[in-house]
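Asks: Below you'll find the structure I mean.
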Amino acid sequence: MSKLVELKQISKEYGNKKVLHDISLTIEENQVIAFLGGNGTGKSTILRIISSLERPSSGKVVYPNKSLRIGYVPDRFPKMLRFTPGEYLHYVGRIGGISKEDLNKRIPDLLHRFQLEVMNHKWIMHLSKGNIQKVGIIQAILQKPDLFILDEPISGLDVHAQQELVNIVKEFKKQGSTILLTYHESHKFDDVIETTYYLHHGMISKNNMLAKKQIKLIEVKKIDELIVKQWDEVLHMENKENRLLLYVGLENSDTILSRVLQLQGSIDSVSTIVVDENNQIG
Amino acid sequence: MKELVKYSLYDYIRSNKYFPPVSTYFIFIFVFYTYKPNPVISSYAITALILYIVSVWLCISILSLDAPIQKQMIILHLKSRNRYYLSKLMSVWLVAMVLTVYAFLYPIVFDMFKEPVTLTTGFVSLTNHILLATLGICVASLFSKGLMDNPVNSYGGLSLIVILSIAALGIYNVLPPTFQNIVWILPPSVITQTPLSNWSGENISDLSIFPFVWIIIYSLLLVVLFLKLAKRK
């Protein structure tokens, strides 16, 4: 599988608030990836950085294929649009370089799939939240994207539109696209998601730190950071004043401790982290 | 780019935000030519200077049309931030050109001048309108919503620059000789006024071309600066 996007040590800050911490991630073609986490954990920020809509405060985003087509569905599609869905999609398609002939075939088909054709005489600003969200989804798939990014796409959508979106995700997956999405309290995408990343306090992990209620925090010294990076058991690592803070699942803590001792590192402390109901580490 | 220009112009018309600047200019021209006859060159020089101010207004209103997310969506489809902003500036420029044509033709059609508009005076006056409209757009772009989050800085800063640029000749005269060159930093909105008022209109070679070229250079520098700043946002 070839790489679509590579994030290299991405951090993002808004003022004094650090939203993403040192995230490195490779996104390959033909994957369906979910980014999950609580509110304010950086899910939308990471999607916006991947889609090039936002710049990271530090780190690098690499797109090996410069002509990568990205379709992006924002969590809140702009409301103040003084165009009908058909007009807007036509302009967006033409701006994106799609021919008039293709648009004349594709737009009516997509409006029909999302049951928007009956609304096609109204300006988008006069549509309901759910219908505006449908326009947001259609504009992202007009170009048949290589990378289809959806930020909480199902909020406000009716059941039919939710199912249609799941079908579209499956269709794009079949065609070889990669789909990145984030959502809350929904199981609609459960059977299509292949990989899930969990975001917590701006850190990313393939393991759901919240699901495992107990995590060991091991503070070590005199250990090479690069060696630790190769240890899959470490859920997350932070470098603080010559110490490495290793977040490890309870079941792997003994393995990590013995490795640290074998490498003649010193262990400063070992503590158990409790995750409370508000997703705060205590 | 052509499609984005069309999109922006349609959106501007439907938003009705064109009405205040466009109607202001139409009314100004109408009132300005209430009495006749008028001198050709100096009348056109004044309507061009007012067009500079109205172009500033047009630019601010067009660049504030797209909500931030909408702007990002279009940039993603267009795959170029520069092309997005250039299309927006082009849209403003086209609206300003409609006003230019109106300012140029109104006094001719309604016979408001004391002498006929020759090919030479017409060409120079039309060019002056186009250049000052372009300058106004370029100046305003630096204070637009996309670059300045605080509306006080945006409108306050822009008003100050526009006023200072119009008062540049007066500022130049009151400054001590060592500081007079500071005026060159200001947008050259009145730089063509003196040469035009001293010009008989008979021969184009009697007119200094430098002020016109300087407006072009200054506008180009502003566009480059605008694109660079917009990229960093």
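From first to last, the protein sequence lines stand for chains B and H.
Residue 140 in our numbering sits at position 140 of the first sequence, with consecutive numbering throughout.
Residue 164 in our numbering sits at position 164 of the second sequence, with consecutive numbering throughout.
All C-beta atoms in this analysis are idealised placements derived from N, C-alpha and C, irrespective of residue type, glycine included.
1) Measuring alpha carbon to alpha carbon, tell me which residue in S144/H, L164/H, W214/H is nearest V92/H.
2) I need the DSSP call for A96/H, collapsed to helix, strand or coil.
3) What's the gap between the Cα of L207/H and the Cα of D75/B?
4) If I measure Cβ to Cβ from P145/B and keep anything under 7 Å in the same chain, skipping five residues before and after, which residues do I get?
5) With distances taken between CB atoms, is the gap from F113/H to N38/H smaller than 8 Å?
6) Would DSSP call F77/B helix, strand or coil?
7) Under the rule that 16 or more other beta-carbon atoms within 10 Å means buried, what is T194/H, buried or exposed?
8) What are the residues of the stretch 85-112 of chain B that lie near chain H, defined by any Cβ-Cβ distance shorter than 7 Å?
9) Check this for me: beta carbons of I62/H and S8/H, under 8 Å apart or not?
10) Which chain B residues sit within Cβ distance under 8 Å of L78/H?
11) Just tell me which of I53/H, R81/H, N173/H has its CA closest to the CA of T100/H.
12) S189/H and S165/H look like a contact to me (Cβ under 8 Å); what is the Cβ gap, rounded to whole Å?
13) List, in order along the chain, the chain H residues whose C-beta lies closer than 9 Å to that of L53/B?
14) Please name the residues in the stretch 14-40 of chain H whose beta-carbon is closer than 8 Å to at least one beta-carbon of chain B, in chain order.
15) Can you tell me whether E28/B is helix, strand or coil according to DSSP?
16) So which residues of chain H does Q139/B contact, with C-beta pairs closer than 9 Å?
17) Give a yes or no on contact between the stretch 107-121 of chain B and the stretch 133-153 of chain B, applying the rule of three or more CB pairs nearer than 8 Å.
18) Would you list the residues sitting across from D224/B in a DSSP beta bridge?
19) At a CB distance below 7 Å, what residues from the stretch 82-105 of chain H approach chain B? Give them in sequence order.
20) What residues of chain H sit near P78/B, judged by a beta carbon separation below 7 Å?
21) Please report the Cβ distance between I50/B and V19/B, rounded to the nearest whole angstrom; I am assuming they are in contact, meaning their Cβ atoms lie under 8 Å.
22) From the beta carbon of I50/B, is the nearest beta carbon of chain H less than 8 Å away?
23) Of all Cβ atoms in chain B, is any one closer than 8 Å to the Cβ of D149/H?
24) Would you kindly work out how many angstroms separate the C-alpha atoms of K212/B and V270/B, rounded to a whole number?
25) Can you round the beta-carbon distance between N128/H and T192/H to whole angstroms, since I take them to be within the 8 Å contact cut?
26) Who are the Cβ neighbours of P56/B in its own chain at under 6 Å, not counting the five residues just before and after it?
27) Can at least three beta-carbon pairs, one atom from the stretch 148-157 of chain B and one from the stretch 179-194 of chain B, be found at a separation below 8 Å?
28) In whole angstroms, give me the CA-to-CA distance for L245/B and I256/B.
29) Count the other C-beta atoms from every protein chain shown that fall within 10 angstroms of the C-beta of H236/B, then say buried if there are 16 or more, exposed otherwise.
30) Going by CA-CA distance only, name the one from Y33/H, T118/H, I137/H that's closest to F226/H.
31) Just list the beta strand (DSSP E) runs in the stretch 37-91 of chain B, keeping only unbroken ones of 3 residues or longer that don't cross its boundaries, in chain order.
32) Does P74/B have its Cβ less than 8 Å from a Cβ in chain H?
33) Would you decide whether Q133/B is buried or exposed? Buried here means 16 or more other CB atoms lie within 10 Å of its CB.
34) Of all the options G156/B, V118/B, S58/B, which has the alpha carbon lying nearest to the alpha carbon of G86/B?
35) Considering just the uninterrupted stretch of the beta strand (DSSP E) at G249/B, what are its terminal residues?
36) Within 10 angstroms of its Cβ, does M203/B collect 16 or more other Cβ (buried), or is it exposed?
Replies: Inspection of the coordinates gives the following:
1) Looking only at S144/H, L164/H, W214/H, the smallest Cα-Cα distance to V92/H is reached by S144/H.
2) Helix, per DSSP.
3) For L207/H and D75/B, the distance between alpha carbons rounds to 58 Å.
4) Short of 7 Å from the beta carbon of P145/B, and not among the five residues preceding or following it, lie these beta carbons of its own chain, in chain order: R69, I70, G71, S177.
5) Yes. Within cutoff.
6) The answer is coil: DSSP assigns F77/B none of H, G, I, E or B.
7) Answer is exposed; the Cβ neighbour count stays below 16.
8) Of all residues in the stretch 85-112 of chain B, only Y91, V92, R94, I95, G96 place a beta-carbon less than 7 Å from a beta-carbon of chain H.
9) With contacts defined as CB atoms closer than 8 Å, I62/H and S8/H qualify as a contacting pair.
10) Under the 8 Å cutoff, chain B gives I95, G96.
11) Selection I53/H, R81/H, N173/H evaluated against T100/H yields I53/H as nearest (Cα-Cα).
12) Contact holds; Cβ gap of about 4 Å.
13) Proximity of chain H to L53/B at the Cβ level (cut-off 9 Å) is accounted for by I69, Q72, M73, I75, L76, in chain order.
14) Interface annotation for the stretch 14-40 of chain H against chain B: R14, S15, criterion Cβ-Cβ distance under 8 Å.
15) Correct three-state label for E28/B: strand.
16) Under the 9 Å cutoff, chain H gives M73, H77.
17) Remark: three or more beta-carbon pairs, one from each stretch, lie closer than 8 Å, so the stretch 107-121 of chain B and the stretch 133-153 of chain B are flagged as touching.
18) Partner(s): none; D224/B has no beta bridge.
19) For the stretch 82-105 of chain H, there are no residues whose beta carbon sits under 7 Å from a beta carbon of chain B.
20) Identification of chain H residues near P78/B by a Cβ-Cβ cut-off of 7 Å yields A67, I69, Q70, ordered along the chain.
21) The pair is not a contact, with the Cβ atoms about 14 Å apart (cut-off 8 Å).
22) Chain H, which has no Cβ nearer than 8 Å to the Cβ of I50/B, makes this no.
23) With a threshold of 8 Å between beta carbons, D149/H makes no contact with chain B.
24) Caution applies to K212/B, whose pLDDT of 48 falls short of 50 and renders its modelled position unreliable; the model cannot decide the point.
25) About 5 Å separates the two Cβ atoms, so the contact holds.
26) Contacts found: I10, K12, I49.
27) Touching, yes, given that three or more Cβ pairs across the two stretches are closer than 8 Å.
28) One C-alpha to the other measures close to 12 Å.
29) Counting of Cβ neighbours within 10 angstroms places H236/B among the buried residues, the total reaching 16 or more.
30) For F226/H, the nearest C-alpha among the options comes from I137/H.
31) DSSP runs (the beta strand (DSSP E)) wholly in the stretch 37-91 of chain B: 58-62, 70-73.
32) Closer than 8 Å to some Cβ of chain H, the Cβ of P74/B qualifies, so yes.
33) The residue is buried, with at least 16 neighbouring Cβ atoms inside 10 Å.
34) The option with the nearest alpha carbon to G86/B is V118/B.
35) Taken as a continuous stretch (DSSP letters only), the beta strand (DSSP E) holding G249/B covers 243-249.
36) Counting of Cβ neighbours within 10 angstroms places M203/B among the buried residues, the total reaching 16 or more.
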